[in-house]
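Data block below; observations after.
Structure below.
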């Protein structure tokens with residue numbers, strides 16, 4: 377890994393514990409990836425920046441993109457967003473929603489801004505799951521967002537981390553442990569699966 381500065385941005389799944397952590401990384405998949413580098417490539421240990429904020433949708437990322445991404449000039453940018461864009465449709469249907477067309481439009485704008493104003497390699501993580509039931513309403517509603525992530529990545533030549541597919545594969549197998557604490561937020565097993573999937577896709 378030659379990238380000297382890796383920035384992770386997303387929602388609470390990325391944030392998890394970073395505001396209580398002196399290192400501002402948290403107790404999450406970002407820490408597990410950081411620790412992987414420390415163990416496997418200590419001679420090329422990158423700076424890890426976590427810019428996850430709980431509750432964020434892609435509209436929130438757009439509002440803070442300049443300060444939380446462009447200003448840092450990362451060598452590698454990892455984006456994980458989409459769960460709240462769907463979850464808000466389920467738990468707060470009266471609020472203004474982010475449907476797939478807007479999600480795709482904003483995502484493209486953020487990628488193009490990043491490519492124009494930084495030299496970062498961009499990694500797109502699929503949204504994970506909403507409930508540990510592959511047939512849940514949340515997981516069905518997530519599918520168009522997952523498809524958009526893969527379509528955009530293909531069009532822009534970006535790396536995809538197939539986290540949604542990894543979680544669905546796990547949930548349809550003989551799973552010994554749950555992945556989340558509440559159907560959305562990761563426990564240690566879920567974070568381990570996210571980190572493993574990221575490492576296999578990116579490194």
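Residue numbers (our numbering): 377 to 579.
The beta-carbon is built from N, C-alpha and C at its ideal position, and this holds for glycine as well.
Bear in mind the structure is a predicted one, so any value in this text is a computation, not a measurement.
- For residue 536, the enclosing beta strand (DSSP E) starts and ends at 535–537.
- Fewer than three beta-carbon pairs drawn from the segment 417–430 and the segment 478–487 are found closer than 8 Å, and the two stretches are therefore not classed as touching.
- Cβ-Cβ distances below 7 Å link residue 530 to nothing in the same chain once the five nearest sequence neighbours on each side are left out.
- Here residue 552 is exposed, its C-beta having fewer than 16 other C-beta atoms within 10 Å.
- For residue 421 and residue 469, the gap between their C-alpha atoms comes out near 44 Å.
- Take residue 409, set aside five residues on each side of it, and the residues of its chain with a beta-carbon closer than 7 Å to its own are 571, 574 and 575, in chain order.
- Here the C-alpha atom of residue 533 lies approximately 31 Å from the C-alpha atom of residue 564.
- The segment 404–419 makes no contact with the segment 431–444: fewer than 3 CB pairs, one atom from each, lie closer than 8 Å.
- With a cutoff of 8 Å on beta-carbon distance, residue 462 and residue 514 are scored as near each other.
- The residue among 555, 510 and 385 with its C-alpha nearest the C-alpha of residue 567 is 555.
- Per the C-alpha coordinates, the member of 489, 402 and 471 positioned closest to residue 440 is 489.
- For residue 499, no alpha helix (DSSP H) encloses it; the enclosing beta strand (DSSP E) starts and ends at 497–501.
- When the beta-carbon positions are compared, residue 458 and residue 521 come within less than 8 Å of each other.
- Beta-bridge partners assigned by DSSP to residue 395: none are found.
- Around the Cβ of residue 511, a 10 Å sphere holds fewer than 16 other Cβ atoms; the residue is exposed.
- A distance below 8 Å separates the beta carbons of residue 505 and residue 540.
- About 5 Å separates the Cβ atoms of residue 451 and residue 381, confirming a contact at the 8 Å cut-off.
- Nearest to residue 526 by C-alpha distance, out of 545, 499 and 517, is 499.
- Relative to residue 386, the option among 495, 519, 401 and 577 whose CA is nearest is 401.
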